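Notes for the one structure printed next.
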Amino acid sequence: KLRYGVSKVLEDSSYSPDLKRKYKVADMITGYGVSESIRHYYELFGENCFGKRAVIQGWGNVAAAATFYLSKLGVKIVGIIDRVGGLINPEGFGEEDITRLFLERKGNELCSPDLIPFDQIQKEIWSLETDIFVPAAASRLVSKDQIQHMISHGLEVIASGANVPFADQEIFYGPVMEFADQHVAVIPDFIANCGMARVFAYLMQPNIEISDDAIFSDVSSVIFEALKKIRTVSSKKTHISSRAYEIALKQLVETINEL
5 KLRYGVSKVL EDSSYSPDLK RKYKVADMIT GYGVSESIRH YYELFGENCF GKRAVIQGWG
65 NVAAAATFYL SKLGVKIVGI IDRVGGLINP EGFGEEDITR LFLERKGNEL CSPDLIPFDQ
125 IQKEIWSLET DIFVPAAASR LVSKDQIQHM ISHGLEVIAS GANVPFADQE IFYGPVMEFA
185 DQHVAVIPDF IANCGMARVF AYLMQPNIEI SDDAIFSDVS SVIFEALKKI RTVSSKKTHI
245 SSRAYEIALK QLVETINEL
């Protein structure tokens, strides 16, 4: 059941950029969770992500899938930076553009005739007007300087698609992450990109429905509940990650004490 669920080919067009390409749950679920974490964050704090602008770092499975689902929610993708280069559109790429870029990927590479060379985009992308940042490339790439630039251009929320996206030595909450957490809403990796781990947990339950909608909806509701707990503790839009760690550690201690 576990193997079947994870490698299940998507049959529902709301979750797949192209049914003929036979994308699997495993290809799309983590990016979907990242996108849902952003949607839930805005809704829990009384806003809507429709029309918000986003910058994406990476173009592997997580980054590309998160971008695809964000574009379906009406988020305007103003920039994508990948290791080979990137794209900028201050007006925002829409769902059609993003679906095309998703389908034209070569492996994990962003492909477009308009590709801006890496050295140039690395100078420009951090100064775009943006509300959302999704670091979903390799770990430990995001510097304090880059975050400061984005904050001064309107940044509101960071949803971690990568594990440990910040350029910190520490695994949990180093100085760069702490700086970001003090200034904007940082949804930590263990919530934003828990999709795959959650699918495993879901599939290990007895008598569950194994449909695209059931699997994806379960991931969405688990992320929603985690963010709701944080929102219940405080309505502040900063220190989201520090509250998330406190809640997670408390749950861990309670579980250990029950053993």
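Residue 227 in this note's numbering sits at position 223 of the sequence shown, and the numbers go up by one each step. Each residue gets a CB set at the ideal place from its N, CA and C atoms; glycine is no exception. From a predicted model like this one, the values you see are computed outputs, not experimental measurements.
Length of the line joining the Cα atoms of residue i and residue j
{"i": "Val190", "j": "Ala163", "result": "6 Å"}
{"i": "Asp269", "j": "Asn211", "result": "Since the first residue of the chain shown is 5 and the last is 263, residue 269 is not available in this structure."}
{"i": "Lys241", "j": "Lys80", "result": "22 Å"}
{"i": "Glu174", "j": "Lys24", "result": "43 Å"}
{"i": "Ser245", "j": "His187", "result": "11 Å"}
{"i": "Leu256", "j": "His153", "result": "36 Å"}
{"i": "Phe183", "j": "Pro192", "result": "13 Å"}
{"i": "Asp101", "j": "Thr134", "result": "18 Å"}
{"i": "Ile84", "j": "Arg43", "result": "19 Å"}
{"i": "Ser156", "j": "Arg144", "result": "22 Å"}
{"i": "Leu253", "j": "Ala69", "result": "30 Å"}
{"i": "Gly35", "j": "Phe204", "result": "16 Å"}
{"i": "Asp185", "j": "Ser20", "result": "33 Å"}
{"i": "Asn167", "j": "Leu114", "result": "21 Å"}
{"i": "Asn197", "j": "Pro117", "result": "31 Å"}
{"i": "Gly50", "j": "Val226", "result": "19 Å"}
{"i": "Lys56", "j": "Leu263", "result": "45 Å"}
{"i": "Leu231", "j": "Ser239", "result": "11 Å"}
{"i": "Asp16", "j": "Asn261", "result": "43 Å"}
{"i": "Tyr8", "j": "Gly37", "result": "20 Å"}
{"i": "Phe122", "j": "Arg87", "result": "7 Å"}
{"i": "Tyr73", "j": "Met32", "result": "9 Å"}
{"i": "Ile251", "j": "Glu258", "result": "11 Å"}
8 Å Cβ shell around residue i - same chain, five flanking residues per side excluded
{"i": "Lys12", "result": "Lys28, Val29, Ile214, Asp216 and Ile219"}
{"i": "Val180", "result": "Val146, Ser147, Lys148, Ile151, Phe170, Ala171 and Asp172"}
{"i": "Ile129", "result": "Val59, Gly83, Ile85, Gly90 and Ile92"}
{"i": "Val10", "result": "Lys28, Val29, Ala30, Met200, Val203, Phe204 and Leu207"}
{"i": "Leu107", "result": "Pro21, Asp22 and Arg25"}
{"i": "Leu6", "result": "Phe204, Leu207 and Met208"}
{"i": "Phe176", "result": "Tyr249"}
{"i": "His243", "result": "Asp185 and Gln186"}
{"i": "Pro94", "result": "Val82, Leu132 and Glu133"}
{"i": "Arg235", "result": "Leu48 and Phe49"}
{"i": "Asn52", "result": "Tyr46"}
{"i": "Gly178", "result": "Phe170 and Asp172"}
Identity of the residues DSSP links to residue i by a beta bridge
{"i": "Pro121", "result": "Gly89"}
{"i": "Lys110", "result": "Glu113"}
{"i": "Val13", "result": "Lys28"}
Neighbour-count burial assignment, residue i, 16 or more Cβ in a 10 Å radius
{"i": "Arg104", "result": "exposed"}
{"i": "Phe54", "result": "exposed"}
{"i": "Val237", "result": "exposed"}
{"i": "Met208", "result": "exposed"}
{"i": "Asn65", "result": "buried"}
{"i": "Glu160", "result": "buried"}
{"i": "Asp222", "result": "buried"}
{"i": "Leu14", "result": "buried"}
{"i": "Ile199", "result": "Looking at the sequence shown, residue 199 is not Ile but Gly. Per the 10 Å Cβ criterion, buried."}
{"i": "Lys127", "result": "exposed"}
{"i": "Ile125", "result": "buried"}
{"i": "Ile195", "result": "buried"}
{"i": "Gly111", "result": "exposed"}
Neighbourhood of residue i by C-beta, 6 Å cutoff - its chain only, sequence neighbours within 5 removed
{"i": "Ile60", "result": "Ala67, Thr71, Ile84 and Val138"}
{"i": "Gly62", "result": "Ala140 and Ala141"}
{"i": "Leu119", "result": "Gly89"}
Cut-off 7 Å between Cβ atoms - residues of its own chain near residue i, not counting five sequence neighbours on either side
{"i": "Glu229", "result": "none"}
{"i": "Ser224", "result": "Glu40"}
{"i": "Arg158", "result": "It is worth fixing the name first, because residue 158 is Gly in this sequence and not Arg. Cβ within range, chain order: Glu133, Thr134 and Asp135."}
{"i": "Lys76", "result": "Glu99"}
{"i": "Tyr45", "result": "Val161, Ala189, Ile191 and Leu231"}
{"i": "Arg247", "result": "Ile234, Val237 and Ser238"}
{"i": "Gly96", "result": "Arg57, Lys80, Ile81 and Val82"}
For this session: Starting from the N-terminal side, write out each stretch of the beta strand (DSSP E) that is 3 residues or longer and does not extend beyond the stretch 124-193.
Result: 136-139, 161-163 and 189-191
Problem set entry | Any alpha helix (DSSP H) of 4 or more consecutive residues that is wholly inside the stretch 49-99 | 65-76
Problem set entry | Ordered list of alpha helix (DSSP H) runs contained in the stretch 195-233, each at least 4 residues | 199-207
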